[in-house]
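Take a look at the structure set out below.
Residue numbers (the numbering used here): 1 to 94.
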């Protein structure tokens, strides 16, 4: 793991994590973007152990939030009649 170039980087990281938006209030897109950013920060290797663990935990929570949002969307699409107008349009043009 590479050492941070500035020792205050890790302190700023730990503070920044605690001030991040609450995951449950994020849209799918916001959570997905935050997850991508979290993974990039972890992969950079520029955080101390405590911050890395906090980022990992946040990443897990973000991934779970995204999965739940996708599951809800899939369930809506699988409801009877959810895609009937689209199915009828496709049938007429085929």
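Here a beta-carbon is modelled for each residue, glycine too, at the ideal position from N, C-alpha and C.
DSSP places residue 48 outside any alpha helix (DSSP H), giving it a letter other than H or E. Looking at the backbone, the Cα of residue 51 and that of residue 17 are separated by about 8 angstroms.
Taking residue 39 as the centre and dropping the five residues before and after it, the same chain places the C-beta of 59 closer than 8 angstroms to its C-beta, in chain order. Residue 69 and residue 47 have their alpha carbons spaced roughly 29 angstroms apart. The Cβ-Cβ distance between residue 31 and residue 55 does not fall below 8 angstroms.
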